[in-house]
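For the sequence shown, this note's numbering assigns the number 3 to the initial residue and increments by one for each residue that follows. The C-beta atom is built at its ideal place from N, Cα and C for all residues, glycine as well.
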Amino acid sequence: MTTLLAPNDCHSMADLRAQIDEIDADLIGLLVERSRYIDRAVDLKKIERLPARTTDRVAEVLNKVASTASEQGLDPELARTLWADLIEWSIQREIKELGE
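Quick look at the structure:
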């Protein structure tokens, strides 16, 4: 993770935007790492004969994300919406790889 200036230490919009760009790059890196786990999930789902979409797991992840977001001061509905898209993208990727 990048070392950032505190928001109050940003004295111009250029400073602030540079920090946001760094955060975005860090987030992309984390999403790349997460996608590697999705790749592994495909392998394991083939072995364990599991479907790409597991409704109970989707609900569990969305609830956990909303709870974590709330605890950390982020709007839980924003987190739920972002993760719903991320999960659906992951499921579609798995469906393609699993041939469902």
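If we call anything under 8 angstroms between Cβ atoms a contact, is P78 one with A68? yes
When you compare the segment 71-89 with the segment 16-23, are there three or more beta-carbon pairs, one atom per stretch, that lie closer than 8 angstroms? no
Kindly list the residues whose CB is nearer than 6 angstroms to the CB of S92, restricted to its own chain and excluding five residues on each side of it in sequence; keep chain order. I40
C-beta contact flag for K47 and L88 at 8 angstroms: no
Measuring straight from C-alpha to C-alpha, what distance separates A16 and I30? 21 angstroms
Checking 8 angstroms against the spacing of the C-beta atoms, do E102 and V44 come in under that value? no
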